[in-house]
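Single-structure report; data block below.
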Amino acid sequence: KQEVTQIPAALSVPEGENLVLNCSFTDSAIYNLQWFRQDPGKGLTSLLLIQSSQREQTSGRLNASLDKSSGRSTLYIAASQPGDSATYLCAVRNSGGSNYKLTFGKGTLLTVNP
Amino acid sequence: NAGVTQTPKFQVLKTGQSMTLQCAQDMNHNSMYWYRQDPGMGLRLIYYSASEGTTDKGEVPNGYNVSRLNKREFSLRLESAAPSQTSVYFCASSVLEPQHFGDGTRLSIL
């Protein structure tokens, strides 16, 4: 059974700092990995999607990397801003079987202080 | 530009009452999903629908039923609500990836 772990559970940083959020998964047979953002009282918004054949994806100040063999992904946020404050979730889709199913981590709550 | 719309946003039920959570999407997506989000548990898939007329159980289907009424709408029904079903429920839709989420229904069962 796939398990996804996110470390740390919470992170507080001053504005302008570069930061890294970590995601690990137990089964390396994945189809893709996604990073989502969730604001309080809202649904999830997809940030980056990395296919299993890719090593990284970039969108603006966000960069996500994937090391499938070691079961790890990182989300790098450059020059953090207060507006980046949210919960960040990692989710993997396994290859084969019930391939519509996403397994989510519990998230990292990020607070960026002005 | 509505995306995925869930109704109601909040609801309080008594144990044993029934209720239907509604979800509609305007993006012409084939696949729709129902998740629940609980503190310390992350998001868990309740039911999934690949297309109109088809549904599949997810990780935690017990106590729930679903109806894919048409391509736009996917409803979740609690026949006899239990306190363990207190949660935030999210509906999502997609072609493949990524999934697009609604803002959730916050459901409390007393």
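If you're matching them up, the sequences are chains A and B in order. Its first residue numbered 177, the first sequence is counted upward by one per residue in the working numbering. Its first residue numbered -12, the second sequence is counted upward by one per residue in the working numbering. Using N, Cα and C, we set each Cβ at its ideal position, and we do this for glycine too.
May I have the straight-line CA-CA distance separating residue i from residue j, to the nearest angstrom?
i, j, result
"E193 (chain A)", "S261 (chain A)", "13 Å"
"G217 (chain A)", "P184 (chain A)", "21 Å"
"V75 (chain B)", "W211 (chain A)", "20 Å"
"I96 (chain B)", "C199 (chain A)", "33 Å"
"K244 (chain A)", "L83 (chain B)", "21 Å"
"L195 (chain A)", "K1 (chain B)", "44 Å"
"S249 (chain A)", "Q178 (chain A)", "15 Å"
"P(-5) (chain B)", "R93 (chain B)", "8 Å"
"G40 (chain B)", "P190 (chain A)", "50 Å"
Given a cut-off of 9 Å on the beta-carbon distance, is the pair residue i and residue j in contact?
i, j, result
"L251 (chain A)", "L285 (chain A)", "no"
"Q(-2) (chain B)", "Q9 (chain B)", "no"
"G281 (chain A)", "L265 (chain A)", "yes"
"D50 (chain B)", "A69 (chain B)", "This sequence places Gly at residue 50 (chain B); Asp is not what is there. Cβ distance < 9 Å, so G50 (chain B) and A69 (chain B) count as in contact."
"Q214 (chain A)", "G259 (chain A)", "no"
"A79 (chain B)", "G219 (chain A)", "yes"
"N208 (chain A)", "L225 (chain A)", "yes"
"L242 (chain A)", "A254 (chain A)", "no"
How close, in whole Å, do the beta carbons of residue i and residue j come, if the pair is a contact with beta carbons under 8 Å?
i, j, result
"Q86 (chain B)", "Y34 (chain B)", "14 Å between Cβ atoms; not a contact."
"S228 (chain A)", "S271 (chain A)", "7 Å"
"Q24 (chain B)", "F77 (chain B)", "6 Å"
"A37 (chain B)", "S18 (chain B)", "6 Å"
"L32 (chain B)", "G45 (chain B)", "3 Å"
"T287 (chain A)", "S188 (chain A)", "4 Å"
"A267 (chain A)", "V180 (chain A)", "7 Å"
DSSP puts residue i in a beta bridge; with which residues?
i, result
"N239 (chain A)", "A:T234, A:Y252"
"N194 (chain A)", "Note: N194 (chain A) sits in no beta bridge, so no partner."
"L265 (chain A)", "A:F212"
"T(-6) (chain B)", "B:Q9"
"Q227 (chain A)", "A:N208"
"E60 (chain B)", "B:A11"
Please list the partners that residue i has in chain E, where partner means a Cβ-to-Cβ separation under 7 Å.
i, result
"K218 (chain A)", "Although the question refers to chain E, the structure presented lacks it and instead comprises the protein chains A and B."
Looking at C-beta atoms only, is the number of pairs between the segment -1 to 6 of chain B and the segment 63 to 78 of chain B that lie closer than 8 Å three or more? Yes: the two stretches touch, three or more of their Cβ pairs being nearer than 8 Å.
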